[in-house]
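S.K.: Got a structure for you, written out below as structure tokens; questions coming shortly.
Chains as they are written, first to last, in my numbering: chain X, -16 to 272; chain F, 2 to 785; chain P, 74 to 225.
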């Protein structure tokens, strides 16, 4: 149980203080928000930081709000907050859906969306909804602020574009002016808490735009421009969804591991894609009515 | 029969309040003060290797480290039925993760840090992880010293091979039985290893004081057996049985994993090296998986011959058990199945070969069901397949063959009275066997499955239980027994039995988990035998106390003893309506006579029970002649499942299970065993899957990837049915039923899957992935 | 080592902790509060559940130093003034067996029903889905929760 190495701990009161700490300690510092990934990583020795920067004193980071036609999810917004946020439910339903499928309520009360995309474990749940919504990751450092499209954010398993001296302040999800609907499907070994062996997020828009993201079937989650342009060009209907499904085999290359075989991941990704598409179509129809 | 006031009623658990308030104390909750030391284990990173050298010098340099102990410090072997196990590996490592040494330190951090610095030099050996490979001529021997190991007389090891025991049963004329058959089905079934997954880790704290007293606090199913094994193993240090005291607090789940002795002996042994200090050994979740017991894996080859009406003419069952690196306990699983692998059927011609095979995997041992889940998977799959082949209803097929009282078991003894036929009828009715429910959508397939089950306690013939019962001043009672409440409700049931005899309400009876110094002998809390065995001891102790009460009252009040009776804590007399003597007036202080003197004194009952008819003495070539099993508990179950054809996901819609417990002393607790056992069974067939890499290292020793069900994964409906055909020598007719409830689950789900999809799964688990790949893969080979 | 102070079961307590100490360890081994249990140490089993500022959380995934100034409730605190209706229903129905998961389970449900006194069956299951129990099959626990949360 014990963590067999020592480190320091700071809980800055302002973002500026936090950034100064990051500037000083660089890659030896690790940001602590919900800590549900971090505590395990330290126990298992995956990471050996010298300083934890607890950002829970930075109240400004907590908010979930709609601002300038975008939904902002602050770095301290937990999955529980997301799950219970009316703006999320109204505007980014797929994220509401995801928040109900992450681990269990005891973890969701602590774990954050931003933490999820910073840990960037391949099986993370948050990536797919953010990818299909073209979300933007906002970072801050003493050098200034940066906006990174979430498409570019993930570099490798457990690796992102965040700089050594940077922290993520929030993600913003642009809200289209036209009607849209998304859906998320997660491959789990049973209904209870499980890590995604694969996941699929889709988003359809009134104007025919279509976005598809696959997660946990490679080191990083990714959008599929191939399927998106096929469906945008030919239209979203049952027949084309079936055709698009057949393209998946050439797009993703899942592996066999302790959670599932390559074959089953591939098969399930196809099944989930079809189911997510149909759910999104239905939801969009409802929106239009 | 007179009406029962406490037995047969769902009394609130005697430990209920402790458990809902957090007051219940488990081993790691105990406080030992600032002198407590912590031990951390050094594990072997090979499945099979010779230990060349161990260098502890760097570890000793870590501040706070007291000592490092290795196998050389304790060259003693131990074991429950066969002494093939060691406190620490001696010259050879036999499974990945085996304990090589331990570091004892002032803090867990220091111990952990130092444990990493112990240098061990190994020469790896070829490993054997498949039982069938281990049987091959020339296979590497895992225990070259097999011939030197002491074992119980009913084991038959084969020195010079990896076979630690071969249970052989021959009954009737099998050849002729098959010759008479109209149809013979022969096939192989595989059931892999499983983990118990009690939520509480194994924990043991031991202290060897300067007077030579060894006290061990342990999360245990087996306090007296642990005392016995500690005393025997550590005898060379001059430790005797009365020097050893085992104290067992609450146990956070056992399921067999905390039976016998595993890691507890490490604490006991280390304590002798750090005299005067308590030392704690606390397991972690990973070790719970790979270094306690695992359920044994088995490859079962089954051949069954039947007449065209479905009646069984002959059975041949060969079971090749992957028993792991040490089989001191697991070999008795193999033995028990050998004696019982005809299942709950009348089989006149049977041959059974059950082989206990050493492999370089973690030690196999007791797990709820003790091998019966494993062989029933094949047998009950076979019954269904044969019925379908013959065009007989699978339930009728079972009715035609189901064993009855007086039929001969595989070893030739008479089957006990039982309600198997009632159970079959009750389940078929409740599940509406002849109706076909419709699926909920176009992708969905629905199926029904049925299964019978039986199981006998597997234990030495001289297994015994005992009880002390003492009254307090207010006529409340302390009931001292040494069975363990593992959650099944044992203590509550014991209190109910004493309450019934002595008319004292359950709420006034205090009964707690034992301390071997204070509480009388009990073998172990395993085999679903304690309600029956210890229940008999409690009943006898209560009767003994009652006899003392009546004798005293008769003597003091000059009343005929046989006219006295107890009612609501008062002694009454059948012929003197006005006579009423409250127990509290005399059970400690005695009864004052006219001359001012007192008669009597503290009332203390004692009772013990041993099944004096049991015997393992039999012909080793046939197993005929003895009476190894005291009785079987039987039952039936059925399930309705719905399967998503696209994903392979199974939803369990309804489960009905009937178990004949003889007498439900506490019906709510019986139902609790059914609900819990069914989910544990479902989990083994649908979710749990142990994975090992090429080195024999378990890849998923955690709940992240070894999935046990959550509240979202339970059946939509579970209907428990209680059948009560009394056991002649059971307390109020009761017999055990705790393990049994999970036995029918895997085969009935496999049967339901075939019913739904036409695919016969012959190896467990049957995960969504396996179903899905079977459906999408080659349609030509659904048979495997 | 840093001295932290926090409210534990209604009482302001102080304790010295190092940054690498986990809340579960500190509660159990430094504060003498034993109802939170360790069953996995990775956040999967929920036996270590405590209520932190009104929310059920995993104390095995929290650094003790984080809770400076916060408020923690464990089963010891909940039981101070006798049994809650939830505890009583669970006891009366013999819902638990070994009892090891009980503290975490009870706190998870307490957290649910404090904000949602009449949860649906799915909400009940969801609230305890992170509390693993190997004994009961969950149904008796769910039945007890339903008994005290159904609309009269």
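The beta-carbon is built from N, C-alpha and C at its ideal position, and this holds for glycine as well.
Quick test of your reading: residue 50(P) and residue 147(P), contact by CB under 8 angstroms. State the CB separation rounded to the nearest angstrom.
M.R.: One cannot answer for residue 50(P) here, as it falls past the ends of chain P, which runs 74 to 225.
S.K.: To the nearest angstrom, how far is the alpha carbon of residue 182(X) from that of residue 246(X)?
M.R.: 15 angstroms
S.K.: Since residue 468(F) meets chain P, which of its residues come closer than 8 angstroms, beta carbon to beta carbon?
M.R.: Near residue 468(F) there are no residues of chain P at all, since even the closest Cβ is about 23 angstroms away, more than 8 angstroms.
S.K.: Could I get the ranges of all uninterrupted beta strand (DSSP E) runs contained in the region 150 to 235 of chain F, with 3 residues as the minimum, in chain order?
M.R.: 164 to 172, 184 to 192, 204 to 209, 215 to 219
S.K.: Within 10 angstroms of the Cβ of residue 74(P), are there 16 or more other Cβ atoms? Answer buried if so, exposed if not.
M.R.: exposed
S.K.: Residues of chain X with CB under 8 angstroms from residue 179(P), in chain order?
M.R.: In chain order: nothing, as chain X lies at least about 13 angstroms away.
S.K.: With distances taken Cα to Cα, identify the nearest neighbour of residue 312(X) among 206(X), 270(X), 197(X).
M.R.: No statement about residue 312(X) is possible, as the shown extent of chain X runs from -16 to 272 and does not include it.
S.K.: Starting from residue 107(P), find everything on chain X with Cβ-Cβ shorter than 8 angstroms and list it in chain order.
M.R.: Going along chain X, no residue has its Cβ under 8 angstroms from residue 107(P), so there is no contact; the nearest lies around 15 angstroms.
S.K.: Taking 9 angstroms as the CB-CB limit, is residue 220(P) close to chain F?
M.R.: no
S.K.: With a cut-off of 9 angstroms, does the C-beta of residue 122(P) fall near any C-beta of chain F?
M.R.: no
S.K.: Only counting runs of 3 or more residues, tell me where the beta strand (DSSP E) segments fall wholly within the region 301 to 343 of chain F, in order along the chain.
M.R.: 313 to 325
S.K.: Quick one: is residue 101(P) buried, meaning 16 or more other Cβ sit within 10 Å of its Cβ, or exposed?
M.R.: buried
S.K.: Considering Cα atoms alone, identify which of 337(F), 763(F), 326(F), 101(F) is closest to residue 382(F).
M.R.: 763(F)
S.K.: For residue 19(X), go through chain P and note every residue whose CB falls closer than 8 angstroms to its CB, in chain order.
M.R.: 116, 131, 134
S.K.: Which of helix, strand or coil does DSSP assign to residue 122(P)?
M.R.: Secondary structure of residue 122(P) (DSSP, three-state): strand.
S.K.: In chain order, what residues of the same chain have a beta carbon less than 8 angstroms from the beta carbon of residue 785(F), not counting five sequence neighbours either side?
M.R.: At residue 785(F) the pLDDT is 33, less than 50, meaning the model places this residue with poor confidence; the figure from the coordinates comes in the next sentence. Within the same chain, residue 785(F) has close Cβ partners 763, 764.
S.K.: Given residue 427(F), which residues of its chain have a CB within under 6 angstroms of its CB, disregarding the five upstream and five downstream residues?
M.R.: 659, 722
S.K.: Do the CB positions of residue 163(X) and residue 187(X) come within less than 9 angstroms of each other?
M.R.: Contact flag set, yes.
S.K.: Give a yes or no on whether 9 angstroms exceeds the smallest Cβ distance from residue 169(F) to chain P.
M.R.: no
S.K.: Do we get a CB-CB distance below 9 angstroms when we pair residue 92(X) with the residues of chain P?
M.R.: yes
S.K.: Grouping DSSP H, G and I as helix and E and B as strand, with all else coil, what is residue 862(F)?
M.R.: Because chain F is modelled from 2 through 785, residue 862(F) falls outside the range shown and cannot be assessed.
S.K.: Using the three-state DSSP reduction, which class does residue 785(F) fall into: helix, strand or coil?
M.R.: For residue 785(F), the pLDDT reaches just 33, beneath the cut-off of 50, and the residue's location in the model is therefore unreliable, leaving the point undetermined.
S.K.: With contact counted as at least three CB pairs below 8 angstroms, one residue from each stretch, are the region 64 to 76 of chain F and the region 86 to 105 of chain F in contact?
M.R.: yes
S.K.: Across which residues does DSSP place residue 284(F) in a beta bridge pair?
M.R.: DSSP lists no partner for residue 284(F).
S.K.: Under 6 angstroms Cβ to Cβ from residue 71(X), same chain only, skipping five residues before and after it: list those, please.
M.R.: Hits under 6 angstroms: 65, 78, 79.
S.K.: Less than 8 angstroms between the CB atoms is what I'm expecting for residue 113(P) and residue 347(F), so what's the real figure, rounded?
M.R.: That pair is no contact at about 46 angstroms.
S.K.: Residue 211(F): buried (16+ other C-beta within 10 angstroms of its C-beta) or exposed?
M.R.: exposed
S.K.: Please list the segments of the beta strand (DSSP E) lying wholly inside the region 160 to 217 of chain X, counting only runs of 3 or more residues, in order along the chain.
M.R.: 163 to 170, 181 to 188, 193 to 198
S.K.: Give me the DSSP bridge partner(s) of residue 477(F).
M.R.: Looking at the DSSP assignment, residue 477(F) forms no beta bridge with any residue, so it has no partner.
S.K.: Helix, strand or coil: which one does DSSP assign to residue 525(F)?
M.R.: coil
S.K.: Taking the Cβ atom as the reference point for each residue, do residue 325(F) and residue 397(F) lie within a distance shorter than 9 angstroms?
M.R.: no
S.K.: Please go through the same chain and pick out, in chain order, the residues whose beta-carbon is closer than 8 angstroms to the beta-carbon of residue 12(X), but skip the five residues on each side of it.
M.R.: 4, 5, 32, 33, 34, 35, 36
S.K.: Checking contacts by CB at 9 angstroms: is residue 152(P) closer than that to chain F?
M.R.: yes
S.K.: Do residue 210(P) and residue 818(F) have their beta-carbon atoms positioned less than 9 angstroms apart in this structure?
M.R.: It is not possible to answer for residue 818(F), since the shown part of chain F is limited to 2 through 785.
S.K.: Within the 9 angstroms Cβ cut-off, does residue 779(F) reach chain P?
M.R.: Confidence in residue 779(F) is poor, its pLDDT being 46 and thus under 50, which makes the residue's placement too unreliable to answer from.
S.K.: Can you tell me whether residue 152(P) is buried or exposed? The criterion is at least 16 other CB atoms within 10 Å of its CB, across all chains shown.
M.R.: buried
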